[in-house]
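Asks: First the structure, which I've put down as structure tokens, then a few questions once you've had a look.
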Amino acid sequence: MWEVTVFEIARETLLPRSPAQLWEVLANFDQYERWNPYVRPKGLPERGAEVEYAFRMNPANPRFWRVTATISHCDPGEHLAFDVKLGGMLLSIEEHFKIERVPEGARLTHSIRCKGLIARLSLPKTRRNFEVLLSETDRFLTQYLARPRTNPAAKAIRAKKGRRP
32 MWEVTVFEIA RETLLPRSPA QLWEVLANFD QYERWNPYVR PKGLPERGAE VEYAFRMNPA
92 NPRFWRVTAT ISHCDPGEHL AFDVKLGGML LSIEEHFKIE RVPEGARLTH SIRCKGLIAR
152 LSLPKTRRNF EVLLSETDRF LTQYLARPRT NPAAKAIRAK KGRRP
């Protein structure tokens with residue numbers, strides 16, 4: 032039963048950034064709170080690593096559920112994926128970020144694949160919730176990447192004490 036995908040949702044977004052720039056954002060787990068209202072991974076972005084994966088289905092709810100996720104793919108500039116298992120066979124969620132270079136910058140394919148009893152029992156509602164999650168996450172990521180990139184503040188030149196010529 033575990034091998035049967037109940038549903039998969041995918042969205043494509045064109046972003047005016049290079050794959051390397053997009054990867055910097057996706058692989059920087061400490062910065063997720065700046066653009067992802069649903070997920071807060073903690074740990075190192077390495078294939079096979081177990082990371083803390085805090086998530087919520089409603090961004091208005093301040094409470095996150097904390098579980099362990101395995102990073103199933105970590106190919107810099109190409110593919111990052113989390114594999115989250117909740118309650119044994121109750122629910123398994125795979126979240127994928129696939130990056131492809133295109134003339135406009137990068138194409139991000141963001142997908143979620145769900146398996147397990149919970150996904151089967153409440154399929155329409157669960158699917159709808161994940162569609163909203165993908166849509167909003169991608170919208171916030173696009174807005175985050177559209178912000179002007181700031182350079183580190185230049186050091187202020189301090190005036191020397193004393194007389195000037």
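Counting in my numbering, the sequence shown runs from 32 upward without gaps.
Note that CB positions come from ideal geometry on N, CA and C, so glycine has one too.
Anyone know if the C-beta pair for Pro72 and Phe128 falls short of 9 Å?
Replies: The answer is no: Cβ separation not under 9 Å.
Asks: Are the beta-carbon atoms belonging to Arg42 and Leu176 less than 9 Å from one another?
Replies: No.
Asks: Starting from Ala100, trace the beta strand (DSSP E) in both directions and tell me its first and last residue.
Replies: Unbroken beta strand (DSSP E) run through Ala100: Trp96 to Asp106.
Asks: Around the Cβ of Asn160, are there at least 16 other Cβ atoms within 10 angstroms (buried) or fewer (exposed)?
Replies: Looking at its Cβ environment, which holds fewer than 16 other Cβ atoms inside 10 Å, Asn160 is exposed.
Asks: Can you name, in chain order, every residue of its own chain whose Cβ lies under 6 Å from the Cβ of Cys145, other than the five neighbours on each side?
Replies: Within the same chain, Cys145 has close Cβ partners Val37, Phe38 and Ile124.
Asks: Helix, strand or coil: which one does DSSP assign to Tyr69?
Replies: Tyr69 falls in the coil class under three-state DSSP.
Asks: Have a look at Ala85, Glu77, Cys105 and Asp106 and flag the residue whose alpha-carbon is nearest the alpha-carbon of Trp96.
Replies: Answer by Cα proximity: Ala85.
Asks: What residue range is occupied by the uninterrupted alpha helix (DSSP H) comprising Leu53?
Replies: Taken as a continuous stretch (DSSP letters only), the alpha helix (DSSP H) holding Leu53 covers Pro50 to Leu57.
Asks: Can the beta-carbon of Gly108 be found closer than 9 Å to that of Leu46?
Replies: Not in contact: Gly108 and Leu46 (Cβ atoms no closer than 9 Å).
Asks: If you check the beta carbons only, do Gly79 and Met120 fall under 9 Å apart?
Replies: Not closer than 9 Å, so no.
Asks: Roughly how many whole angstroms lie between the Cα atoms of Val56 and Lys156?
Replies: Cα to Cα, the separation comes out at about 30 Å.
Asks: Helix, strand or coil for Arg87? Go by DSSP, reduced to three states.
Replies: Arg87: coil per DSSP, three-state reduction.
Asks: Under the rule that 16 or more other beta-carbon atoms within 10 Å means buried, what is Asp106, buried or exposed?
Replies: Label assigned to Asp106: exposed.
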